[in-house]
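Using the UniProt record's numbering, the letters of the sequence shown map in sequence onto residues 1 to 406. Have a look at the structure below, then the notes.
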Amino acid sequence: MKNKLTQNTQGLPCSKTCISKAGRGAYLFGLLCMVTFLLGCSNIQGVGDEQSTTDPILMGNDGTTQIVEVPTDAAKIEPNGPNPSWAPSIDPQMLAVIEQFQSYGIVPYPKLAADQAREEPTFYDALADLLREYNISPKPASVKVNHRVIPNETNQNLLVRIYTPKTGTGPFPVIVYYHGGGWVIANLDTYEPSASALADKAGAIVMSVAYRQAPEHQYPAAHEDAFAAYQWARDSASVINGNPEMVVTAGESAGGNMAVAVALMAKERNVKMPEHILSVYPIADGDVDSPTYQEYVNAFFLNKTLMKWFFSLYAPGWETQTHPLIELVNADLNGLPPTTIINAEIDPLRYEGQLLAERLQAAGVPVERKVYEGVTHEFFGMNALLEEAVAAQDYAASRLKNVFKQ
Numbered sequence: 001m002k003n004k005l006t007q008n009t010q011g012l013p014c015s016k017t018c019i020s021k022a023g024r025g026a027y028l029f030g031l032l033c034m035v036t037f038l039l040g041c042s043n044i045q046g047v048g049d050e051q052s053t054t055d056p057i058l059m060g061n062d063g064t065t066q067i068v069e070v071p072t073d074a075a076k077i078e079p080n081g082p083n084p085s086w087a088p089s090i091d092p093q094m095l096a097v098i099e100q101f102q103s104y105g106i107v108p109y110p111k112l113a114a115d116q117a118r119e120e121p122t123f124y125d126a127l128a129d130l131l132r133e134y135n136i137s138p139k140p141a142s143v144k145v146n147h148r149v150i151p152n153e154t155n156q157n158l159l160v161r162i163y164t165p166k167t168g169t170g171p172f173p174v175i176v177y178y179h180g181g182g183w184v185i186a187n188l189d190t191y192e193p194s195a196s197a198l199a200d201k202a203g204a205i206v207m208s209v210a211y212r213q214a215p216e217h218q219y220p221a222a223h224e225d226a227f228a229a230y231q232w233a234r235d236s237a238s239v240i241n242g243n244p245e246m247v248v249t250a251g252e253s254a255g256g257n258m259a260v261a262v263a264l265m266a267k268e269r270n271v272k273m274p275e276h277i278l279s280v281y282p283i284a285d286g287d288v289d290s291p292t293y294q295e296y297v298n299a300f301f302l303n304k305t306l307m308k309w310f311f312s313l314y315a316p317g318w319e320t321q322t323h324p325l326i327e328l329v330n331a332d333l334n335g336l337p338p339t340t341i342i343n344a345e346i347d348p349l350r351y352e353g354q355l356l357a358e359r360l361q362a363a364g365v366p367v368e369r370k371v372y373e374g375v376t377h378e379f380f381g382m383n384a385l386l387e388e389a390v391a392a393q394d395y396a397a398s399r400l401k402n403v404f405k406q
C-alpha cells in the first residue's frame, strides 16, 4: 500500500465501488490515531483568459495518485444526455462527471444526518469512476506524502497531510491549504488532487488541514483550526523542511473562505499575515439570494438548498446573526496581502467571488480574479479530466511562484 489508503491497482483513488462505507469513514480517524501514537513514542518527524462576460472585475492576464495534466484520451469521455437547463453551455466532460454522480442515486445531503452524508460518494468518486470506466491512468504528481499531528487552540490533535515536492532540496515555501465541503462534509482525500497538484506545480510544501467539522463543532471551530495550522506553519515550518518566512494560505469553497479569514484573524491577533492568499470559489457572504444563487439555484455540485444546509449546521442562526469570519465581504479588508480569486462560471458562489474582489480592490489590496467558463463548483481539482482545471491550477501556481521569488 502506498501513501494513500484508498488506492487501487490502476493508481486511481478508490470510490464507493471499491471501498466500504465503514472503511471510508474510519480512514482519517484511524490515521490520526496512528500518527498520534507514533509521535508519542518517538521523535520521528512527519516527514480568462477564461472569463465570464457578466463579471466586471476580471483582473490579470496572465508520489500521490493525482495528475498534473489531462491525459490525451480523456476527450473520449462524453455525457449521455443533453445539457441541463441551468447550464446550457456546460463543458461536456464536466457534465459527464455530474451524470456519473447522479447515477449513484444518492439521497440529497440535506435529507441526511451529517455523518451519513460524509459516507456518501462525492464529486471526486464520480471522477475516479469515470476514469476507471474508460481505463484512463493519470500521470502522478511528483510529490511525496506524509502526515503529522499538530495542536489546535484547545490543545486537541489536528491532523495535517503534507505534500513535499520530490525535486529541490528546500527549505520550501509553505501553502497552508483548507479543503472544501461547507465545513460539514468532505476530507483530505476528497481534495487531494488540488493539494498535490499545487505542491508539484508551485514547487512548495502543501499542508492540507483536517479541521473540525459541523455540526459536532460549530462556528468558529473550523476557523480556529485553520488559524492554528497557519500559526504552526509560521512557528515550526522548518521541521517539515519549510520556510516559515514564506507561508501562504489557500483553499476551496469553505476552505477558500478560511484562506482569507485566517489572514483577517492574523491581522486582528497581531500575527504576521500570509504572503499571499489563494481563494478558489470562496464562500464570502451569507446571502443565498444573490444573482448567481438565483441563476444556479439547482446546480451541481453546489446549490442554494445545500448551502443553506451547510450554514444551518456550522453557523446556526445564520439568517439573523452575524458571523464575521464567514461574511468576508463585510469585513475590514484593509491591509490584507495580495490575493488571487478563482471562480467557476456555473456556480452560485460566483457573484460573491466578484464582490469580494471588488471589496478587496476598494480596500487597496492587490487582487486578481479569473472566472473559468463552462465548469461548475468543484472543478478545480478535476485536472484528470478538465482542461479548465489544468489552466486554473497553472494560473494559481504561476501566481504563487511569483510570490515565492520575492
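Note that beta-carbon positions come from the ideal geometry of N, C-alpha and C, so glycine has one too. Note that the coordinates shown come from a computational prediction; the quantities given were computed from them, not determined experimentally.
I'd like the span of the beta strand (DSSP E) that includes LEU278, first residue to last.
277 to 280
Quick one: complete alpha helix (DSSP H) runs, 4+ long, within the region 206 to 291?
221 to 236, 254 to 268
Cβ contact (3+ pairs, closer than 8 Å) linking the region 140 to 160 and the region 86 to 96
no
Measuring CB to CB, does TYR163 end up less than 8 Å from VAL143?
yes
Closest Cα partner of ALA363 within the set HIS377, THR339, LEU386:
THR339
C-alpha distance - ASP200 paired with THR320, whole-angstrom precision
43 Å
Buried or exposed (CB count within 10 angstroms, at least 16 for buried), LYS111
exposed
Specify the secondary structure class of ALA362 as computed by DSSP and reduced to three states.
helix
Distance CB(ASN241)-CB(GLY182) smaller than 8 Å:
no
Taking DSSP as the reference, what is the three-state secondary structure of LYS166?
coil
Distance CB(ILE283)-CB(ILE326) smaller than 8 Å:
yes
Since VAL371 is in the beta strand (DSSP E), which residue starts that stretch and which ends it?
367 to 376
PRO274 and THR249 look like a contact to me (Cβ under 8 Å); what is the Cβ gap, rounded to whole Å?
5 Å
Could you round the C-beta distance between ILE77 and GLN93 to whole angstroms and report it? I think they count as a contact, below 8 Å.
6 Å
At what residues does the beta strand (DSSP E) containing PHE172 begin and finish?
172 to 178
Rounded separation between TYR211 and ALA259 - CA only:
13 Å
Please state whether DSSP places LYS111 in a helix, a strand or coil.
helix
Return the Cβ separation of TYR178 and GLY255 in integer angstroms, given the expectation that the two are a contact with Cβ distance under 8 Å.
3 Å
Residue(s) in a DSSP beta bridge with ILE150:
LEU158
Jot down the residue ranges of each uninterrupted beta strand (DSSP E) in the region 320 to 361, minimum 3 residues, whole runs only, in chain order.
339 to 346
Where do the N-terminal and C-terminal ends of the alpha helix (DSSP H) with TRP309 fall, by residue?
304 to 314
Nearest residue (CA-CA) to PRO79, options ALA114, GLN116, ARG118, ALA126:
ALA126
Are the region 225 to 240 and the region 388 to 403 touching by the rule of at least three beta carbon pairs closer than 8 Å?
no
Figure out for me which residue from TYR219, MET246, GLN218, HIS217 has the closest Cα to the Cα of GLN231.
MET246
Among LYS139, GLU120, ASP189, ILE185, which one has its Cα closest to the Cα of HIS147?
ASP189
Output the distance between the C-alpha atoms of ILE136 and SER208, rounded to the nearest integer angstrom.
27 Å
Quick one: what's got a C-beta closer than 7 Å to ALA221's C-beta in the same chain, skipping five residues either side?
ARG212
Where do the N-terminal and C-terminal ends of the alpha helix (DSSP H) with SER194 fall, by residue?
192 to 202
Which residue or residues does DSSP assign as beta-bridge partners of ARG144?
Before going further, note that residue 144 is Lys rather than Arg in the sequence given. BP columns for LYS144 point to THR164.
Candidates GLU153, GLU295, GLY381: which alpha carbon is nearest TYR281's?
GLY381
In whole angstroms, give me the CA-to-CA distance for TRP309 and LYS267.
30 Å
For GLY381, which of helix, strand or coil comes out of DSSP?
helix
Report the option in LEU333, PHE300, ILE150, SER194 whose CA atom is closest to the CA atom of ASP347.
PHE300
Would DSSP call SER103 helix, strand or coil?
coil
Where does TYR134 sit, in a helix, a strand or coil, going by DSSP?
coil
CA nearest to the CA of VAL403, picked from PRO337, VAL375, GLY374
PRO337
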